[in-house]
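Beneath this line is the structure, given in C-alpha cells, with notes to follow.
2 protein chains.
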Amino acid sequence: MTFEKKFDEFVDEINENLDKLVVEKDNLQKDIYTAMRYSLLAGGKRIRPVILLACAEILDIDKDTVMPFACAIEMIHTYSLIHDDLPALDNDKLRRGRNTCHIEFSEALAILAGDALLNKAFEVMSKKAIDMEHPTRGLRMLHQVSVMSGTEGMIGGQIIDIQSEGKEVSKEVLETMYKGKTGCLLKAPVLVALEAANCMEDENAEILINYVETIGVAFQIKDDILDSIGDEKTLGKNTGRDVEKNKTTFVTIYGLEYCEELLEELTHKAIGYAEKLGEKGKFLKELAVYLLKREN
Amino acid sequence: MTFEKKFDEFVDEINENLDKLVVEKDNLQKDIYTAMRYSLLAGGKRIRPVILLACAEILDIDKDTVMPFACAIEMIHTYSLIHDDLPALDNDKLRRGRNTCHIEFSEALAILAGDALLNKAFEVMSKKAIDMEHPTRGLRMLHQVSVMSGTEGMIGGQIIDIQSEGKEVSKEVLETMYKGKTGCLLKAPVLVALEAANCMEDENAEILINYVETIGVAFQIKDDILDSIGDEKTLGKNTGRDVEKNKTTFVTIYGLEYCEELLEELTHKAIGYAEKLGEKGKFLKELAVYLLKREN
Numbered sequence: 021m022t023f024e025k026k027f028d029e030f031v032d033e034i035n036e037n038l039d040k041l042v043v044e045k046d047n048l049q050k051d052i053y054t055a056m057r058y059s060l061l062a063g064g065k066r067i068r069p070v071i072l073l074a075c076a077e078i079l080d081i082d083k084d085t086v087m088p089f090a091c092a093i094e095m096i097h098t099y100s101l102i103h104d105d106l107p108a109l110d111n112d113k114l115r116r117g118r119n120t121c122h123i124e125f126s127e128a129l130a131i132l133a134g135d136a137l138l139n140k141a142f143e144v145m146s147k148k149a150i151d152m153e154h155p156t157r158g159l160r161m162l163h164q165v166s167v168m169s170g171t172e173g174m175i176g177g178q179i180i181d182i183q184s185e186g187k188e189v190s191k192e193v194l195e196t197m198y199k200g201k202t203g204c205l206l207k208a209p210v211l212v213a214l215e216a217a218n219c220m221e222d223e224n225a226e227i228l229i230n231y232v233e234t235i236g237v238a239f240q241i242k243d244d245i246l247d248s249i250g251d252e253k254t255l256g257k258n259t260g261r262d263v264e265k266n267k268t269t270f271v272t273i274y275g276l277e278y279c280e281e282l283l284e285e286l287t288h289k290a291i292g293y294a295e296k297l298g299e300k301g302k303f304l305k306e307l308a309v310y311l312l313k314r315e316n
Numbered sequence: 021m022t023f024e025k026k027f028d029e030f031v032d033e034i035n036e037n038l039d040k041l042v043v044e045k046d047n048l049q050k051d052i053y054t055a056m057r058y059s060l061l062a063g064g065k066r067i068r069p070v071i072l073l074a075c076a077e078i079l080d081i082d083k084d085t086v087m088p089f090a091c092a093i094e095m096i097h098t099y100s101l102i103h104d105d106l107p108a109l110d111n112d113k114l115r116r117g118r119n120t121c122h123i124e125f126s127e128a129l130a131i132l133a134g135d136a137l138l139n140k141a142f143e144v145m146s147k148k149a150i151d152m153e154h155p156t157r158g159l160r161m162l163h164q165v166s167v168m169s170g171t172e173g174m175i176g177g178q179i180i181d182i183q184s185e186g187k188e189v190s191k192e193v194l195e196t197m198y199k200g201k202t203g204c205l206l207k208a209p210v211l212v213a214l215e216a217a218n219c220m221e222d223e224n225a226e227i228l229i230n231y232v233e234t235i236g237v238a239f240q241i242k243d244d245i246l247d248s249i250g251d252e253k254t255l256g257k258n259t260g261r262d263v264e265k266n267k268t269t270f271v272t273i274y275g276l277e278y279c280e281e282l283l284e285e286l287t288h289k290a291i292g293y294a295e296k297l298g299e300k301g302k303f304l305k306e307l308a309v310y311l312l313k314r315e316n
C-alpha cells in the first residue's frame, strides 16, 4: 500500500471514531456538543493520532486498543487550539480554513468547548482503560498523556509563549517553548504506544522516541516557515501572525534560508531513526518526508 | 471530637496536600504555578474534599488512598471558578475575598491556569491510581470524576447557565442546570469513595448518594439566597450579581421566604439520610447543618 493511501485510511478511521466519541445530542447541553464537533471535525491533519496508529502497528498492538487514546490526544490538541485562538491569547479568526470557535459561536462557548474537550479526553481514555485486558496498562497510557499535555509539557510551552510575546527571547527559551508547545503532544502518541506494548525499556523505545523528538523540532520549524511564507488559503489560517505579534520564531532567529537547511537536516535524521526499524519503519520514514513537504 | 475541630482538621490536611501537589517552581513555566496556586490556595471552603474524607471514614478507606482524589476534585472546582469568572462568562472581579485570577494576572494566564488545574487533576489521580494496591479501583475512581465534571455533568450545567442568561427559564431547566453545575461535583466525592471501597452496590451507597444529592440542591438554594441577601465582605465575592445579570435562580422563581423553607426541609431530609448510617453518620449530619447556616 502506498504511503498516501495508508495515511488516508488512518485519517478516515480516526475521523469516524472522533465522530462517534463526541456525538450530537438533542438535550439542554446540545450547544456544547455542536461547538466541540465544529472544532474537532474541522479536518485537521491528524498527525498525532496517525503517529499513534503507526507506532501501534510497528509494536504489534491491536488498533482498537489505542484508537480511543489516539482520539483523546487529538481532542487535547483541538482544545489547545481553541483556547490559543481566543482574543486574550493569539486572537486568531481563521483556523483550518474556517472561523475559529469563538468567532463562530462566542467566547464563552469556546472557553467551555475547550474545557469540555480536555475533560472528554480523560473520560474516553479512562473508559477504554477500564475495558482493556490490562487496565493498568491503560492507566499508564492515560498518565503519559496527562504529563505531556500538562504544565511541564504542552501547557508549559504555551505559558512561555504568552510571556515571550513582544520580547526578544534566546534560542534556549525558544527551544524549551517549542519542546513543550509542539514537541510534547507529538511525543505523547509514541509513549502511549510504548506503554500499550509494555516495552518502555526496549531498544525500539529509544529509536521511536528519538524519531518523534526530531520530528517535533522539524514540525515547528516548518510551521514557522509556513507562517512566514505560506499561503493563507492553502494554510487555512492567517499568516504573518508571528511578525505581527512580534514573536521570536526559528525564522526570526536563524533566517529563512538556514531554517530550510535545518529542516532538511532534521528530516534526514528522522529518516535515519526510522530506517533502524527496518521494513517496519517504512511508514514513519515517509511520514518524515510528508511533514517536510506539507503546505499546511 | 467536635464537628468544627474535625472539619478544620480535614481542611488543614487538604490544604497541606494541595500545597504539595502544586508547588512553586523556579523555571520558565513558573508563572503558571503562581497563578494556579493563587486560586487553589485562596482558602475555599473545601466542601467537596471534606465530603470525600468523611465518606472514606464511613466506608473504612485509608485516608491516603483518597486524598489525591479529594485534591483533584478541588482542583477541578477551582478551575471551573477561574473560567466562570472570566469576562466572557460571569465577568466577576472578586472571589474568596480577593481579586479573581484574570484580574490579578491576565485573562490569558487565567485561561491557561484553569486548563492547567483541570489537566493536573487527572495527572494527580492517574499517578495515585498507578501506585495503589488496586490500580483498577483507582482507574474507576478517576473515571467517575471525569463523568461528573464533563458535558453531562458540571460543564453541561455551565452551558445551560450561559444559554439561560437574560432569559426566563423554567423550573425544570433551572434544576437540570443546578444538578450539573453544582450537584455533580458534590456527588463526585461520594462516587469516588464508593469505588474506593468497591461497594457501589451496597445499601450504604444508596444512602450516601441520596444524602449528597439532597445536599447538592440545598447548597445551591443557599448560594442563591446568599447572592440575594448576603454580605459581600463575609461572602468574599460580589453579591446581587444574579439580579444584575437577569439570571433566573431559586430565589427569583420561588421567592426568598419559600427558599428558606425549602432549604430547611432539604437539610432535614439530608439529616434523615445521615441518621440511617447510625453513629458513623454523625459528621455528615452536622455537615448538613453547617451548610444550612454558612454565610459564605
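Here the protein sequences come in this chain order: A and B. Quick note: the first sequence uses the numbering used here, first residue 21, plus one each step. Quick note: the second sequence uses the numbering used here, first residue 21, plus one each step. The beta-carbon is built from N, C-alpha and C at its ideal position, and this holds for glycine as well.
Here DSSP, grouped into helix, strand and coil, assigns B/N119 to strand. Taking 8 Å as the upper bound on Cβ-Cβ separation, chain A lies near residues G158, L159, R160, L162, H163, S166, V167, S169, G170, T171 of the segment 158-171 of chain B. Under a 10 Å Cβ-count criterion, A/Y198 is classified as buried, with 16 or more other Cβ atoms of the shown protein chains found around its own Cβ. Beta-bridge partners of A/L114 (DSSP): A/N119.
In this structure the segment 129-143 of chain B lies against the segment 96-110 of chain B, because at least three pairs of beta carbons, one per stretch, are closer than 8 Å. Comparing C-alpha distances from B/E94 to each of B/I67, B/D104, B/R118 shows the shortest one belongs to B/I67.
Secondary structure note for B/E33: its alpha helix (DSSP H) is the uninterrupted segment 23-41. Apart from the 5 residues on each side of it in sequence, B/K257 sits with its Cβ closer than 6 Å to the Cβ of L114, R115 in its chain, given in chain order. The beta carbons of B/A213 and B/L72 sit about 6 Å from each other, so the pair counts as a contact at 8 Å.
By alpha-carbon distance to A/S166, the top candidate from A/E185, A/L129, A/S146 is A/S146. Apart from the 5 residues on each side of it in sequence, B/N230 sits with its Cβ closer than 6 Å to the Cβ of Y293 in its chain, given in chain order. For the segment 193-250 of chain A, there is no continuous beta strand (DSSP E) assignment of 3+ residues that stays within its boundaries.
At the C-beta level, B/L61 and B/L79 stay beyond 8 Å of one another.
The C-beta of B/V189 has 16 or more other C-beta atoms within 10 Å across all chains shown, which makes the residue buried. Of the residues assessed, B/V271 falls on the buried side of the cut-off, its CB having 16 or more other CB atoms within 10 angstroms. Not a single C-beta of chain B is nearer than 8 Å to the C-beta of A/P209. The contact set of A/E127 on chain B, defined by CB atoms closer than 9 Å, consists of L106, P107, A108, L109 in chain order. Within 7 Å of the CB of B/N139, the CB atoms of chain A belong to L138, S166, S169, G170, I175, in sequence order along the chain.
Here B/I179 carries a helix assignment [DSSP, helix/strand/coil]. At a C-beta separation below 8 Å, B/F142 has these neighbours in chain A: F142, L162, S166.
If you keep only unbroken alpha helix (DSSP H) runs of at least 4 residues inside the segment 124-176 of chain A, you get 127-151, 155-168. As for any alpha helix (DSSP H) of minimum length 4 sitting wholly inside the segment 259-309 of chain A, the runs are 261-264, 270-274, 276-295, ordered along the chain. For a Cβ distance threshold of 8 Å, residue set P155, T156, L159 of chain B lies close to A/P155, ordered along the chain. By the 16-neighbour rule on beta-carbons within 10 angstroms, B/D181 is buried. Sorting B/D243, B/K187, B/G186 by C-alpha distance to the C-alpha of B/T202 places B/D243 at the top. For A/A108, the secondary structure class from DSSP, reduced to helix, strand or coil, is coil. B/I81 sits in coil when the DSSP states are folded into three classes, being neither helix nor strand.
The residue from B/E233, B/V309, B/P155, B/T287 with its alpha-carbon nearest to that of B/A217 is B/P155. Between A/L48 and B/Q178, the CB-CB gap reaches or exceeds 8 Å. Cβ neighbours of A/K26 within its own chain (closer than 7 Å, five residues either side excluded): F303.
With fewer than 16 neighbouring CB atoms inside 10 Å of its own CB, B/N266 falls in the exposed class. Relative to the Cα of B/A149, the nearest Cα in the group B/D110, B/A92, B/G250, B/T234 belongs to B/A92.
Distance from the CA of A/M174 to the CA of B/K40, rounded to the nearest whole angstrom, comes to 22 Å.
Residues of the segment 49-74 of chain B with a C-beta less than 8 Å from any C-beta of chain A: Q49, D51, I52, Y53, M56, listed in chain order. In chain order, L132 make up the part of chain B whose C-beta sits under 7 Å from the C-beta of A/Q178. By the criterion of a C-beta distance shorter than 8 Å, B/L205 is surrounded in its chain by R68, I93, I96, H97, S100, M168, S169, G173, M174, once the five residues flanking it on both sides are discounted.
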